[in-house]
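Trainee:
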Amino acid sequence: MLGLLALAVASLPLALAQNTTDHIVDLGYTKYQGVLNQSVVQYFGIRYAAAPVGELRWRAPMDIESHGGYDQSEVQSATERGPICVQGAPYWRNNPTLNSTGSEDCLLLDVLSPQQPVNASLPVLVQIHGGGYDQGNSESNPGYLIVNQSRGQMVYVSIQYRLDAFGFLSSAEIRENGNANAGLLDQRAALMWVQRNIRAFGGDPAKVTIIGGSAGGGSVMDQMILYGGVSNPPFRAAIAEYPWWQSYKNNTILEMQYREMLTATNCSTLACLRTVSSETLIAAMQTSLDTGYLNKVYGWGDFYYGPAVDGDAIRDLPSNEFKQGHFTKVPLIVNRDGFEGYNYSPKNETTQEQETTDLQLIFPYAKQSFFQRLYQLYPATAFNSTLFQRQSIYGDYIIDCPTYYMATAASDWGQPTWKLIFNAGSQLHGADGPFLWGPQSAANNQTLASIMKDWYLGFVLNLDPNSVSYSGVAKPQWPQYQSPSTTGFSIMDVNYTMMGVIPDMDANERCDFFHGQSYVVRN
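Heads up: the sequence shown runs through residues -17 to -1, 1 to 506, numbered per mature numbering (1 follows the signal peptide of the UniProt record, and there is no 0).
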């Protein structure tokens, strides 16, 4: 075990340099001008696909090279942040400030390049933001700190994609006259743009790693199972941070979501939905989020909209796809935090009866035998409150156990795999964020922040988290999940004062129980 020492790391100022005459990249179809921010050249608001408005709503994105209409002689400014995608909020979150914000014209990405790259073909880290598939944007996880710690050896890209009903309305009519899972197709389109254009920013398209946390981690998982798992993906490695495996809604609920949107817009057809204003659609989307919760279609902790099985892009439930080996085989890192379910559990439950009523919305097709076994595995006597019992159940179901499923599947198929449990910081969902992305003031141990970035940089640069130590901070060896020299599943455990290798605590009968259940009953 390795003790952690305090380490002061200078904060990264965000003042922009005054001289913007340089930093122009030529993409062939247009040019973009970035701006120097200390030792990072940043390019904001780059379009990777045509605006998905009007007739392009709920359709696969169209590449920007053929549909952008740019004058190749003009230089586009990439010095200011572009609009974020339309944001929403599930009823239980009670966050009206997010309602009616964002734009449909949001298929943008940002690029951060080191001012002094070590060569002209650097590995690339592509961030898919989280936020429950209804919140977040390309600046949710700024990459300045990790690019600087790379010493000129990495390019960072962060993308945006359609959210909520704009990205994940997946009814039968949409599948027949459009594309379900449009948000996932946006992500794939952004990755294909990176393949075609990242060389202009000094990146190597053959060395792309995708990363995401929460719904971003779930999106990384979805990119791995997209089209049943492709053999030539637009990435060579993946990092799924606390991957959010929100229940895939069945066809009954998908149709209900669609009908709620029709009713709220006074439409009767998909063609009509494609003609109404953005403002009308945004209001309808939020109405559907409220109505669905009040009608007990979804429960506390669920974000209602999200990926669904459509038979094309997503061909089966994630649990089945990983069980059957239907996923893209690449080196993988997965992690999770200590108390993943706490933020997504109601704080007013005090009895098992209340808890069961709540959980029946999360597991709508569960029978009495399900709850009998569930409470055998999570006995009330093992927890000091109903809240912590519920957070353990939900945290295991939605994130903890999926890290076990992904790690075992990837390693079983011969892929180098590493897993980490992060019990430092707040220990809550997203606790490792400040240690990787900042702000530095939120990371209460800068030594750990440096180690975390070194581990991730080693994986991005060399497909081995142990391969670099740019911070100069000593760290323990992080073994592969199924290393030939170990027995069982070895993971890295990080807590407030120590870090070291332990067996995977998620390799247990609780996760085996959830793995034996369908994450949704399709009908």
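Built from N, CA and C at the ideal position, the CB exists for glycine as well.
1. What residues in its chain sit with their C-beta under 7 Å from that of R145, if we drop five residues either side in the sequence?
2. How would you label S(-7), buried or exposed, when you count the other beta carbons within 10 angstroms and need 16 or more for buried?
3. When burial is assigned at 16 or more other CB atoms within 10 Å of the CB, is A189 buried or exposed?
4. Can you find a C-beta in chain E that's less than 8 Å from the C-beta of L272?
5. In the DSSP assignment, the alpha helix (DSSP H) including A392 goes from what residue to what residue?
6. Start and end of the alpha helix (DSSP H) containing I129?
7. If you follow the beta strand (DSSP E) that L19 is in, where does it begin and where does it stop?
8. Let me know the secondary structure DSSP gives K402 once reduced to three states.
9. Can you tell me which of the three DSSP states Y31 falls into?
10. So what does DSSP say about E243, is it helix, strand or coil?
11. Could you tell me whether the segment 440 to 460 touches the segment 145 to 158, where touching means 3 or more Cβ pairs closer than 8 Å?
12. Assuming contact is defined by CB atoms lying nearer than 8 Å, are V313 and R219 in contact in what I supplied?
13. Should the segment 175 to 192 be called in touch with the segment 89 to 108, which here means at least 3 C-beta pairs below 8 Å?
14. Counting along the chain, where does the beta strand (DSSP E) carrying I485 start and finish?
15. For F442 and N318, I'd like the C-alpha separation in whole angstroms.
16. Which residues does DSSP pair with F322 in a beta bridge?
17. Once you ignore the five residues that flank W461 on each side, which residues in its own chain have a CB closer than 8 Å to its CB?
18. Assuming the contact rule is C-beta atoms closer than 8 Å, D117 and F286 should be a hit. Round their C-beta distance to whole Å, please.
19. Give the DSSP bridge partners of P226, in chain order.
20. When the Cα atoms are used, what is the spatial distance from M(-17) to Q465?
21. As a quick exercise: from Q55, D489 and P73, pick the residue whose alpha carbon is nearest that of L272.
22. Would you decide whether A254 is buried or exposed? Buried here means 16 or more other CB atoms lie within 10 Å of its CB.
23. With DSSP as the reference, label K330 as helix, strand or coil.
24. Is the CB-CB distance between P44 and A33 below 8 Å?
25. Following the continuous alpha helix (DSSP H) through V8, name the residue where it begins and the one where it ends.
26. Assuming A296 and L174 are in contact, meaning their beta carbons sit under 8 Å apart, how far apart are those beta carbons, in whole angstroms?
27. Kindly confirm or deny that the segment 18 to 28 and the segment 198 to 217 touch, where touching means at least three C-beta pairs closer than 8 Å.
28. Kindly list the residues whose CB is nearer than 7 Å to the CB of Y276, restricted to its own chain and excluding five residues on each side of it in sequence; keep chain order.
29. Do the segment 411 to 430 and the segment 336 to 355 meet, that is, are 3 or more Cβ pairs less than 8 Å apart?
30. Straight-line CA distance for G397 to L90?
31. By a C-beta neighbour count over all protein chains shown, 10 Å radius and 16 as the cutoff for buried, is N180 buried or exposed?
32. Should A(-3) go down as buried or exposed, given a rule of 16 or more other Cβ atoms within 10 Å for buried?
33. May I ask you to report which of helix, strand or coil DSSP gives H498?
34. Does DSSP classify T62 as helix, strand or coil?
35. Can you give the Cα-Cα distance for K350 and F496, rounded to whole angstroms?
36. Name the residue from M137, H50 and V94 whose alpha carbon lies nearest to the alpha carbon of I7.
Mentor: Looking at the atomic coordinates:
1. One-based indexing of the sequence shown puts residue 145 at position 162. Result list for R145: P35, C68, A165, G166 and D169, in chain order.
2. Looking up residue -7 in the sequence shown gives position 11. Confidence at S(-7) is low in this model, with a pLDDT of 34, below 50, so its placement is unreliable and no value can be given for it.
3. Locating residue 189 in the sequence shown gives position 206, counting from the first residue. Residue burial annotation: A189 is exposed, with fewer than 16 other C-beta atoms found within 10 angstroms of its C-beta.
4. Absent here is chain E; the protein component of the structure consists of one chain.
5. Walking along the sequence shown from the start, residue 392 turns up at place 409. A392 -> alpha helix (DSSP H) spans C384 to D395.
6. For the purposes of this step, residue 129 is taken as the residue at position 146 of the sequence shown. Here the alpha helix (DSSP H) through I129 covers Y127 to Q132.
7. Against the sequence shown, residue 19 aligns to sequence position 36. From DSSP, the beta strand (DSSP E) with L19 extends over V18 to N20.
8. Within the sequence shown, residue 402 is the residue found at index 419, counting from 1. Three-state DSSP puts K402 in a strand.
9. To locate residue 31, count along the sequence shown from 1; it is residue 48. Here Y31 sits in coil by DSSP.
10. Looking up residue 243 in the sequence shown gives position 260. Note: E243 maps to helix in three-state DSSP.
11. Taking 8 Å as the limit for Cβ pairs, the verdict is that the segment 145 to 158 does not touch the segment 440 to 460.
12. By one-based count along the sequence shown, residue 313 stands at place 330. By one-based count along the sequence shown, residue 219 stands at place 236. Yes.
13. In short, these stretches touch, since the Cβ pair count reaches three.
14. Within the sequence shown, residue 485 is the residue found at index 502, counting from 1. Unbroken beta strand (DSSP E) run through I485: M482 to P486.
15. The residue labelled residue 442 in the question sits at position 459 within the sequence shown. The residue labelled residue 318 in the question sits at position 335 within the sequence shown. If I take the Cα positions, the gap works out to 14 Å.
16. Locating residue 322 in the sequence shown gives position 339, counting from the first residue. The partner list for F322 (beta bridge, DSSP) reads L411.
17. For the purposes of this step, residue 461 is identified with residue 478 of the sequence shown, where counting begins at 1. Non-local beta-carbon contacts of W461 in its own chain, meaning distances under 8 Å to residues more than five positions away in sequence, involve W401, L403, W438, P448, N449, M475 and V484 in chain order.
18. Counted from its first residue, the sequence shown places residue 117 at position 134. Counted from its first residue, the sequence shown places residue 286 at position 303. About 5 Å; that satisfies the 8 Å criterion.
19. Mapped onto the sequence shown, residue 226 falls at position 243. DSSP, once it has assigned bridges, lists S197 as partnering P226.
20. Here the question's residue -17 lines up with position 1 in the sequence shown. Here the question's residue 465 lines up with position 482 in the sequence shown. Because M(-17) sits at a pLDDT of 36, beneath the cut-off of 50, its placement in the model cannot be relied upon, and the following sentence gives the value as read from the coordinates. Computed Cα separation, rounded: 20 Å.
21. By 1-based counting over the sequence shown, the position of residue 272 is 289. Taking only the C-alpha atoms, the option nearest L272 is P73.
22. As a working mapping, residue 254 is identified with position 271 in the sequence shown. A254 counts as exposed, since fewer than 16 other C-beta atoms from the protein chains shown sit within 10 angstroms of its C-beta.
23. Position 347 of the sequence shown holds residue 330. K330: coil per DSSP, three-state reduction.
24. Looking up residue 44 in the sequence shown gives position 61. Looking up residue 33 in the sequence shown gives position 50. Judged by beta-carbon spacing, A33 lies within the 8 Å limit of P44, meaning their Cβ atoms are closer than that value.
25. As a working mapping, residue 8 is identified with position 25 in the sequence shown. Segment I7 to D9 is the beta strand (DSSP E) holding V8; no alpha helix (DSSP H) there.
26. One-based indexing of the sequence shown puts residue 296 at position 313. One-based indexing of the sequence shown puts residue 174 at position 191. Rounded, the Cβ-Cβ distance is 13 Å, inconsistent with contact.
27. no
28. Residue numbering aside, residue 276 sits at position 293 when the sequence shown is read from its first letter. P73, Y74 and W75, listed in sequence order.
29. Three or more Cβ pairs closer than 8 Å define a contact, and the segment 411 to 430 falls short of that threshold against the segment 336 to 355.
30. Here the question's residue 397 lines up with position 414 in the sequence shown. Here the question's residue 90 lines up with position 107 in the sequence shown. Cα to Cα, the separation comes out at about 35 Å.
31. Within the sequence shown, residue 180 is the residue found at index 197, counting from 1. It is buried - the Cβ of N180 has at least 16 other Cβ atoms within 10 Å.
32. Against the sequence shown, residue -3 aligns to sequence position 15. The predicted position of A(-3) is uncertain, since its pLDDT is 37 and thus under 50; a value taken from the coordinates is nonetheless stated next. So A(-3) ends up on the exposed side.
33. Counting from one through the sequence shown, the residue named residue 498 turns up at place 515. Note: H498 maps to helix in three-state DSSP.
34. Counted from its first residue, the sequence shown places residue 62 at position 79. In the structure shown, T62 sits in coil (DSSP, three-state: anything other than H, G, I, E or B).
35. The residue labelled residue 350 in the question sits at position 367 within the sequence shown. The residue labelled residue 496 in the question sits at position 513 within the sequence shown. Going from the Cα of K350 to the Cα of F496 covers about 14 Å.
36. For the purposes of this step, residue 7 is identified with residue 24 of the sequence shown, where counting begins at 1. Of the candidates M137, H50 and V94, the one whose C-alpha sits nearest the C-alpha of I7 is V94.
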